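Peer 1: Before I ask anything, here is the structure I am working with.
Residue numbers (our numbering): 45 to 161.
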């Protein structure tokens, strides 16, 4: 028979509310959120489903609309991202260069490794 401590060790993680559930609980409309965050309908829908895509300014404004402290909303978004495998505090973020990817230089422009001769 399992002991209470063994049961507690197997306890499932707490169920985190999604941002869509928080928006519904406050009875906010997407139009109202769009006007505050200056996002279009498609972007807002996508970011509510994947809240780790919001930037800090948008999350702060959204926290104000949801009547939450920004730190609480940041913690919730981080927990949702960790649960979905989008964030791992042990792994450094991948550095990406903005803009178009660099094209490889043609062989005639590359420096030679040996002296001709």
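Heads up, the beta-carbon is just placed ideally off N, CA and C, and yes, glycines get one too. Since we're looking at a predicted model, the values are computed, not measured.
1. Compute the beta-carbon to beta-carbon distance between residue 103 and residue 114, rounded to the nearest angstrom, for a pair I have assumed lies under 8 angstroms.
2. Could you have a look at residue 67 and say whether DSSP puts it in helix, strand or coil?
3. Express the C-alpha separation of residue 78 and residue 58 in angstroms, rounding to a whole number.
4. Quick one: give me the first and last residue of the alpha helix (DSSP H) that residue 74 is part of.
5. How is residue 118 classed by DSSP in three states: helix, strand or coil?
6. Helix, strand or coil for residue 107 per DSSP?
7. My guess is that residue 109 and residue 72 are in contact by the Cβ rule of under 8 angstroms, so how many angstroms apart are they, rounded?
8. Let me know the secondary structure DSSP gives residue 123 once reduced to three states.
9. Measuring straight from C-alpha to C-alpha, what distance separates residue 128 and residue 69?
Peer 2: A quick look at the data gives this:
1. On the chain shown, residue 103 is found 59 positions in, with the first residue counted as 1. On the chain shown, residue 114 is found 70 positions in, with the first residue counted as 1. The pair is a contact, with the Cβ atoms about 7 angstroms apart (cut-off 8 angstroms).
2. Numbered from its first residue, the chain shown carries residue 67 at position 23. If DSSP states are grouped into helix, strand and coil, residue 67 belongs with the helices.
3. For this step, residue 58 is matched to residue 14 along the chain shown. For this step, residue 78 is matched to residue 34 along the chain shown. Taking the straight line from one Cα to the other gives about 30 angstroms.
4. For this step, residue 74 is matched to residue 30 along the chain shown. From DSSP, the alpha helix (DSSP H) with residue 74 extends over 74-81.
5. As a first step, residue 118 must be located in the chain shown, where it is residue number 74. In this structure, residue 118 counts as helix in the three-state DSSP scheme.
6. Position 63 of the chain shown holds residue 107. Three-state DSSP puts residue 107 in a helix.
7. Here residue 109 refers to the residue found at position 65 of the chain shown. Here residue 72 refers to the residue found at position 28 of the chain shown. Right, their Cβ atoms sit about 6 angstroms apart.
8. For this step, residue 123 is matched to residue 79 along the chain shown. Looking at residue 123 - three-state DSSP - the assignment turns out to be helix.
9. By one-based count along the chain shown, residue 128 stands at place 84. By one-based count along the chain shown, residue 69 stands at place 25. Approximately 23 angstroms between the Cα atoms of the pair.
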